[in-house]
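**Student:**
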Amino acid sequence: MLKLGIIGVGELTEKIVLGLINANVPCEVYLSPRNQARSEQLAQQPSCTVMDSNQAVADAADIILLGVRPQHLSQLASEIVIEQHKTVVSLAAGIDVATLQQWFRVNSIHRMMTTYSAELNRATVVLTPTSSPVEQLFQPLGEMLVVESEHEFELATVGMCMNGWMYFFSASMQQWFVDQGMKPNQAKQLVLGAMADSAARGLAFPEQSLEALGESIATPGTYTAQGLEKLQAQEFSQPWTQAAADILERLKS
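The working numbering puts the sequence shown at residues 49 to 301.
Set out below in structure tokens:
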């Protein structure tokens, strides 16, 4: 049975572990003692064990998933030794593979990024470079997207940020409907349903561009088209692309 080690048990790594458990993935999970309350909560699952130290996790596991913050990663590397034949998967944004190899001195190092929907097994899981064992382990979390270059990986990380931004956009639209007299739960269902409907159709017709799918709805004379004209006049997409460009620049630097 595969042995997965988690060093840095935070919000995202917790969601990943719960997703693996929900999918009945056959693996033993070894948890670092950091964030003791969260680790002990996960340890109530039969497949999870809290270890005494980060080194104990590294010694016990075949694949080590690093969930510590980027600014703490070099210090972690100076405190533990990972056997060269093992596999390291890093969730730390902005730290490239070459730097990770220099710090941890193992041959098989990968970068991965996903969202909290991993807990629901409906996340996009981005990985670079390719690795059959890593892909097989984390595939049950949702849709696996393997990218060839680290530039593509940084772009995908921006996409993960966009996942969070959408909640705030949705909240603003929910509040508008509430202000007009709709009940909050109904407004939430309406807004998220609209987004889910758009995503479902976009994924169902991969050969069509997103713009073409929108144009098929926003036909001349419709209310959708009239609202779109207002949005385009205010260049509604500009703040989003500017935020994305800023995050990409930060990741590269």
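Built from N, CA and C at the ideal position, the CB exists for glycine as well.
1. Can you check which of these residues, 244, 229, 163, 242, is closest to residue 206 by C-alpha distance?
2. With a threshold of 8 Å, are at least 3 pairs of Cβ atoms found where one atom belongs to the region 198-205 and the other to the region 178-188?
3. What whole-angstrom Cβ distance do residue 185 and residue 60 have, given they're in contact under 8 Å?
4. Counting pairs of beta carbons, one from the region 103-120 and one from the region 50-70, are three or more of them closer than 8 Å?
5. Is the CB-CB distance between residue 250 and residue 261 below 8 Å?
6. DSSP three-state call for residue 206: helix, strand or coil?
7. Grab the span of the beta strand (DSSP E) containing residue 53 for me, first residue to last.
8. Less than 8 Å between CB atoms is the rule here; does residue 77 satisfy it with respect to chain B?
9. What residues are listed by DSSP as bridge partners for residue 171?
10. Let me make sure I understand the geometry here. Which of 95, 301, 124, 106 has the alpha-carbon closest to that of residue 76?
11. In terms of DSSP beta bridges, what is residue 159 paired with?
12. Determine, using beta-carbon pairs with one atom in the region 66-83 and one in the region 104-111, whether at least three such pairs fall under 8 Å.
13. Going by alpha carbons, who is nearest to residue 81 out of 215, 104, 133?
14. Can you tell me the Cα-Cα spacing of residue 183 and residue 192, whole angstroms?
15. Measure the Cβ-Cβ separation of residue 18 and residue 128 and say whether it is below 8 Å.
16. Tell me which same chain residues have a C-beta within less than 8 Å of the C-beta of residue 86, skipping the five on either side of it?
**Tutor:** Reading it off the structure:
1. Working through the sequence shown from its first residue, we reach residue 206 at position 158. When each option's Cα is compared against that of residue 206, the closest is 163.
2. no
3. Locating residue 185 in the sequence shown gives position 137, counting from the first residue. Locating residue 60 in the sequence shown gives position 12, counting from the first residue. The Cβ separation is near 16 Å, so there is no contact.
4. yes
5. Residue 250 sits at position 202 when you count from the first residue of the sequence shown. Residue 261 sits at position 213 when you count from the first residue of the sequence shown. Yes, these two residues count as a Cβ contact at 8 Å.
6. Here residue 206 corresponds to residue number 158 of the sequence shown, with the count starting at 1. It is helical.
7. By 1-based counting over the sequence shown, the position of residue 53 is 5. Note, residue 53: beta strand (DSSP E), 50-55.
8. Considering every chain present, this structure includes no chain B. It has just one protein chain.
9. Here residue 171 is taken as the residue at index 123 of the sequence shown, counted from 1. Per DSSP, 190.
10. As a position in the sequence shown, residue 76 is number 28, starting the count at 1. Selected option, being the one with the closest Cα: 95.
11. By 1-based counting over the sequence shown, the position of residue 159 is 111. The partner list for residue 159 (beta bridge, DSSP) reads 138, 176.
12. With the cut-off at 8 Å, the region 66-83 and the region 104-111 touch.
13. Taking the first residue of the sequence shown as position 1, residue 81 is located at position 33. It is 104.
14. If you number the sequence shown from 1, residue 183 lands on position 135. If you number the sequence shown from 1, residue 192 lands on position 144. In this structure, the straight-line span from the alpha carbon of residue 183 to that of residue 192 is close to 7 Å.
15. Absent from the structure is residue 18, since the part of the chain shown begins at 49 and ends at 301.
16. Counted from its first residue, the sequence shown places residue 86 at position 38. 57, 58, 62, listed in sequence order.
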